[in-house]
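S.K.:
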Amino acid sequence: MIRLAVVSGKGGTGKTMVAAALADTSGVPQVLADCDVDAANLSLLLEPRRLTTEEFRGLAAARIDLGVCRDCGICADRCRFGAIVRRDDAWRVDPLHCEGCGVCAYVCPTGAVSMEPRVSGRICTSATDRGFLAHARLFPGSGNSGLLVTGVKKRAVALSEGADLLLADGPPGIGCPLIATVSGMDAVLAVTEPGVSALHDLTRLVTVCRRFGVRIFVVINRFDLVEDICARIEDYCEREGIRVAGKIPFDPAVVDAVREGRPVTRGDSPAAEALRALRDTLFAELGLP
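Pasting the structure below:
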């Protein structure tokens with residue numbers, strides 16, 4: 040099974056639009072994963088039917104046993120995040136500020152503080168017309184999204200029996216969620232656009248992805264808006280030995296498709312034609328039919 044992640048160095052490049060188009064036109068048995076757990080949008084374009092939902096427990100949070108607490112306040116003095124507050128004449132933990140570091144439990148002289156797992160998101164399995172979809176939602180204010188991404192990937196692998204392709208819609212940027220997405224992949228498709236900041240972020244993204252030994256491909260979205268910067272991106276890719284697998288023109292049909300909640304490839308337009316050509320080029324490189 041080929042494992043392919045669609046990623047981007049910055050938000051707003053059209054990454055999810057490209058991922059949905061590849062899922063729509065792949066034509067091979069596949070399983071899908073939305074690894075952008077902070078803002079999972081792939082399901083908006085694929086009309087999923089929810090099958091299962093389970094809690095995701097990330098970093099532990101502190102809890103104070105008031106029956107054991109001697110009201111010394113040492114834990115509050117040592118908490119650098121201000122998570123232990125005085126309320127109703129007792130020390131209590133504010134879960135929105137607790138970072139799960141465990142210092143309070145370490146310094147408590149009576150053992151009144153314990154660290155307990157907390158629910159910080161949900162992992163879901165859905166069925167779509169293009170295969171199973173593993174996706175998740177990280178609750179606002181919760182951390183450890185890299186661990187949740189790993190959970191989504193594990194769920195997708197569990198659903199991949201008989202699949203020739205695992206297609207992941209990755210997160211933007213180069214942080215922990217991106218690293219968790221790229222780890223274990225065979226190839227990444229970096230979606231960029233003709234902008235100075237986009238080119239800068241593409242170079243950072245390539246640097247990170249190369250650490251994982253994956254094959255790197257690039258697609259330039261809205262390439263015809265700023266042709267000189269598009270040429271700079273192509274020159275960069277040529278110098279780095281990176282295949283530009285496709286270029287997608289600016290097309291109002293893309294906006295219409297997203298508004299209607301469908302992949303742009305379910306219609307005929309210049310962007311849809313370019314995305315189908317991207318699929319053919321990319322799959323040929325990856326050895327997929």
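With the working numbering, letter number 286 in the sequence shown gets 325, and the count goes up by one each step, no holes.
Yeah, the Cβ is synthetic: ideal placement off N, Cα and C, and Gly gets one too.
Any idea if residue 193 is buried or exposed, counting beta-carbon neighbours within 10 angstroms, 16 or more meaning buried?
M.R.: It counts as exposed.
S.K.: Report, in whole angstroms, the separation of the C-beta atoms of residue 219 and residue 157, which I expect to be a contact under 8 Å.
M.R.: Actually they do not touch by this definition, with Cβ atoms about 20 Å apart.
S.K.: Counting Cβ pairs closer than 8 Å, one from the segment 132-146 and one from the segment 99-113, do we hit at least three?
M.R.: Segments in contact, yes.
S.K.: Report buried or exposed for residue 168, applying the criterion of at least 16 other Cβ atoms within 10 angstroms of its Cβ.
M.R.: Residue 168 should be labelled exposed.
S.K.: Kindly give me the distance between the Cβ atoms of residue 280 and residue 317, rounded to whole angstroms, as I take these residues to be in contact under 8 Å.
M.R.: Rounded, the Cβ-Cβ distance is 19 Å, inconsistent with contact.
S.K.: Let me check one thing: in DSSP terms, what residues is residue 172 bridge-paired to?
M.R.: 71 and 165.
S.K.: At what residues does the alpha helix (DSSP H) containing residue 231 begin and finish?
M.R.: First-last for residue 231: 226-231, but that is the beta strand (DSSP E), not the alpha helix (DSSP H).
S.K.: If you reduce the DSSP assignment to three classes, tell me which class residue 266 lands in.
M.R.: The answer is helix: DSSP assigns residue 266 an H, G or I state.
S.K.: Below 8 Å between beta carbons: does that hold for residue 166 and residue 90?
M.R.: Yes, Cβ-Cβ distance for residue 166 and residue 90 is below 8 Å.
S.K.: Taking the C-alpha atoms as reference points, what is the distance between residue 104 and residue 134?
M.R.: Between residue 104 and residue 134, the C-alpha separation is close to 15 Å.
S.K.: Out of 62, 144 and 49, state which residue places its alpha-carbon closest to the alpha-carbon of residue 304.
M.R.: Residue 304 has its Cα closest to that of 62, out of 62, 144 and 49.
S.K.: Within 10 angstroms of the Cβ of residue 328, are there 16 or more other Cβ atoms? Answer buried if so, exposed if not.
M.R.: It counts as exposed.
S.K.: Give me the Cβ distance between residue 233 and residue 268, rounded to the nearest whole Å; I'm assuming they're in contact under 8 Å.
M.R.: With a Cβ gap of about 4 Å, residue 233 and residue 268 count as contacting.
S.K.: Helix, strand or coil: which one does DSSP assign to residue 64?
M.R.: Here residue 64 sits in helix by DSSP.
S.K.: Within the continuous beta strand (DSSP E) that includes residue 96, where are the two ends?
M.R.: Its beta strand (DSSP E) spans residues 88-103.
S.K.: Just confirm the distance between the C-beta atoms of residue 74 and residue 216, as a whole number of angstroms; I'd bet it's less than 8 Å.
M.R.: About 7 Å; that satisfies the 8 Å criterion.
S.K.: Mind the definition here: the segment 227-243 touches the segment 44-64 only if three or more C-beta pairs lie below 8 Å; say whether that holds.
M.R.: Contact between the segment 227-243 and the segment 44-64 is present, because at least three Cβ pairs lie under 8 Å.
S.K.: So residue 190 packs on residue 71, CB below 8 Å; how close in whole Å?
M.R.: Not confirmed; about 15 Å, so no contact.
S.K.: If residue 59 and residue 84 are in contact, beta carbons under 8 Å, what's the gap, nearest whole angstrom?
M.R.: Correct: roughly 4 Å between the Cβ atoms.
S.K.: Only counting the same chain, and skipping five residues up and downstream in sequence, which positions put a Cβ closer than 7 Å to that of residue 150?
M.R.: Same-chain partners within the cutoff: 107.
S.K.: Can you list, in chain order, the stretches of the alpha helix (DSSP H) that have 4 or more residues and sit fully within the segment 234-319?
M.R.: Counting whole runs of 4 or more residues, the segment 234-319 contains the alpha helix (DSSP H) stretches 235-249, 266-279 and 291-298.
S.K.: Out of 256, 208 and 199, state which residue places its alpha-carbon closest to the alpha-carbon of residue 226.
M.R.: Nearest of 256, 208 and 199 to residue 226, Cα basis: 256.
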